[in-house]
Structure formats: structure tokens, C-alpha cells
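Since the structure comes first, as C-alpha cells, the remarks are kept for the end.
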Amino acid sequence: MKVIILAGGKGTRIASVARDIPKPMIPVAGKPVLEWQIELARRYGCRDFLLMTGYLGDCIESYFGDGSRWGVHIDYYREPEPLGTAGALQRVRERLEEEFWVFYGDTVMDFDMEAMLAFHHAHHADATLFLHPNGHPYDSDLVRIGEDSLVTAFLPKPRPEGEAQRNLVNAALYILRKDCLDYLNGGKADFGRDIFAPMLSDGKRIAGYVSAEYIKDMGTPERWEAVGKDILSGKVARLNRRNPRPCIFLDRDGVLNREVNLLSRPEQLELIPGAAQAVRAINQSGYLAVVVTNQPQIARNLCSIEELRGIHDRLETLLGTEGAYLDAIYYCPHHPDKGYPEERPEYKIDCDCRKPKPGMLLQAARDLHIDLSASYMIGDSPRDVGAGEAAGVKQSFQIETNRPGALQELVELLLSA
Ligand SMILES: [Zn+2]
């Protein structure tokens, strides 16, 4: 499949690092960002590249030539004038096949391209967007997806202060079908505003591929330095989904947020002091942070799935304000004991996911390729410990319910060990 790389970036914000070369040519850990991208795609069998160049495009062309030095074929399109991130694509339409990748030439990334492509096809999507949580959702453009992983809304910034939203950010990496370009009208265009938003209103299928793999832009001197270090330390490659990752599984109530009797409304949710710091430390460590929580309130009909989602949006928003994020949240809506008058019978089952059963941990391990034997479970009840042990994690811990600092102390200890 062909890879289109948007390589027209001027890099004004990063001019102190390198002058007079286009942003995608700025070396990171010894090689232009563009070269890292071409090598990544080549590893997944891509041999055909189309580089959309602009500012100082000849510098890119003279470095890569026809691509034969990399064993690939590279074509170019030089934008006569800047046409926004998407605008130039319609000028090369006849050079595109039915489906193609779109990379931004200033992102450092390593991800399992085969897995994302399989997801795109499994969802019969017109477009698939790579999405991930980040440490600053409040000033990022967010995307909302449904249970079926299809995008239901784009939530560009600025948004109302304090509004609870899931922490899911568009990383600017796409698989597109060619007819997505029908939305372009010849002029300057932007993917979000001019392609994805109208596609959504037309009922097209835009899928959100949520991943914990490494993808970061290097648009400022600080970020350039950070991504360079991450390449050299092996972090960028290590986070590729093909490599199993360790995880710290966290119970929710009493561990992250204050346990109240049957929490069932978003405004009841309050973080325990130190919880966000603990999650942020996990985020920075290379461990995944995954919540596994029993929510029998659903079965007892004290809270709907929609309300539970609102509670989790608030949890993610509160963590996000402190620079922390969860890689995933798994919940068990079931409860085995029948006999409450208001109960919802479809959830009154003896399931495999209610802790101390290990179902949620095992599902997460499959979804996120987690190495359970290198992972930890932290909860505040014997059920949590039981689930961790049944799943075969390295060690499980029970901390004191609602105690400020309890999670932070344990996480810092584990990460320093
Ligand atoms: Zn369950």
C-alpha cells in the first residue's frame, strides 16, 4: 500500500535546532525523521512512497532521490503554494490507489502497521484514525468513539472548561479510502475541518484505532530533544504493539477515586490525593496503566452504561488536568445474585470478568499485548488480589481504601525497584 508523507512543513518553531532545512529533514537520533518513517513502512512491506513537499523541497529530493538506496520507490509532488494539510492530495489523486496511508513528516513513531490496517478492514472503514490518550487533553483536539470504535464526534479545542471527555487524541496518522478526497474542492484544506467533519455528517464510517504505541511530533526544540532520547533509549521501538508490555492494573474505587457507597453519578467522583501523580509516574515508566473495576451498579440498575461512561469521562478528565492518562478502562457490569426488584436480568449472570475472576485482565492482555508475568495488580480488596493472582501477574497488592498517598507510595516503590 502506498504511503503519502506530508513533508511540506516549514518548522518555524524548531528553527533554533536546524535552519534552512525543512522540518522532516531535521535529524533525530542521527537520521531525518522522514528516513525513520520510510524505514518503518518498509519493514511492513510498503515499497511505494509519495512525498508531498513544499518549503525547500529540493533538499528532500536530493537526499532520497528515487528511493533505491532504501529499496523503495519514491515519487514527489511539490506544492506550488501551501494548500493546508490535505489540500495538495487532490492534485495527486490519479497517482493514488483505492486505499493509502497518510503520515505527517514531523512525527516520530513506531507502530504495528499491519495491526492498524487489519483493524481498518475489519471495521469496513472509509477512514481510520490513530488515536491515543495524552498528558494534556485539555489543550488537544479530542475525538469521541462509540463501543463499535466508530467516531461519533470531533471535539476541537477550545471546549467549555471542566467539561468531562474521554482522553482520546487524534495523533495525525491515517488510512484513507480514495473517495475521502471527494470532499476537497480545489483550494486550501485541512483534514479535520474539510474531510473528516463533513464525512461524519454524511454518515461515512470513520474508525478510531486506539493504541498505546509511540507517536509524537517533534515540532519544538524541547520535543525534538525528548523524541531523540526516546529513540536512543529504545523506547520508541519497544512500544510497538508486537512487543509485549508490562502493565500496572489498577482498581478504581478506593484506589484512584474516593470510594463512596455505590458511586453512580459523575459529580460524585473525586480523585484521592496522589492518585494522578501515581498514574503519571506509570505513564512515564513504560508500563501501561489499565483500570479493571467491578461495577455491579449496572446490574442493579443504579447506573446505566451511558452514566458509567460519563463517570469514566470525568475520571479521565480529572487525571488529564494533572498530566496523567489511562491506557484503558475495563469494567464488569455483572452481578451473580438475583432477587433485587429493580435489577437488569441480562447482567445478572455468573460472568468471567467479575473480580476475583481474571477475565478483565486477560482481555486487556489480549487487546494491548500485555506481558502478565511482568505486570502488577493494585487494589483495595482481596478480590483485586485474587484477580491478579488468577491472571498470573508478577505480584498483587492490597492498599488501604481511600488513603491519600497510598497508591503513589506503592507505585513509586515498584517503579524504583
Ligand atoms: Zn462480568
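For the record, in the sequence shown the residue sitting at position 311 is 310 according to numbering that gives the first Met the number 0, with numbers rising by one throughout. We put the beta carbon where it would ideally sit given N, CA and C, even for glycine.
- Look at N282 here: in three-state DSSP terms it is helix.
- In this chain, Q267 is not harboured by any alpha helix (DSSP H), its DSSP state being neither H nor E.
- If you look at T106, you'll find it isn't in any alpha helix (DSSP H); it sits in the beta strand (DSSP E) that goes T106 to D109.
- Remark: C-beta atoms of N239 and E212 approach each other more closely than 8 angstroms.
- Counting C-beta atoms within 10 angstroms of its own C-beta, G207 has 16 or more neighbours from the protein chains shown and is therefore classed as buried.
- Less than 8 angstroms divides the Cβ of A405 from the Cβ of I398.
- Its chain contains M0, K1, V2, V71, W100 and M112 as the residues whose beta carbon lies nearer than 8 angstroms to that of C45, once the 5 sequence neighbours on both sides are disregarded; these appear in chain order.
- For I20, DSSP records no beta bridge to any residue.
- In this structure, M376 sits away from D366, with a CB-CB distance that is not shorter than 8 angstroms.
- A straight line joining the alpha-carbon of Q296 with that of L261 spans about 7 angstroms.
- According to DSSP, residue pairing for A323 in a beta bridge does not occur.
- Its chain contains L270 as the residues whose beta carbon lies nearer than 6 angstroms to that of L317, once the 5 sequence neighbours on both sides are disregarded; these appear in chain order.
- Annotated three-state conformation of H311 is helix, per DSSP.
- When the alpha-carbon of P245 is set against those of D181, D216 and A288, the nearest one is in A288.
- By alpha-carbon distance to Y339, the top candidate from V91, N300 and P403 is N300.
- Annotation for L141: the continuous beta strand (DSSP E) segment containing it runs L141 to I144.
- Restricting attention to beta strand (DSSP E) runs no shorter than 3 residues, the region 166-252 encloses them at 168-176, 205-209, 213-216 and 246-249, ordered along the chain.
- Per DSSP, reduced to three states, the secondary structure at T151 is strand.
- Within the DSSP bridge table, the entry for A373 names no partner.
- Each of C331, H333, C350, C352 and R353 has a C-beta closer than 6 angstroms to some heavy atom of ligand 1; these make up the full list, in chain order.
- Per the coordinates, the alpha-carbon of D336 lies some 34 angstroms from the alpha-carbon of Y324.
- The alpha-carbon of Y54 is positioned some 6 angstroms away from that of P21.
- Excluding its 5 nearest sequence neighbours in each direction, L149 has C-beta neighbours in its own chain below 8 angstroms: H122, A124, R204, I205, A206 and G207, listed in chain order.
- Rounded to the nearest whole angstrom, the CA to CA distance from R237 to G191 is 30 angstroms.
- Bridge partners of A389 according to DSSP: none are assigned.
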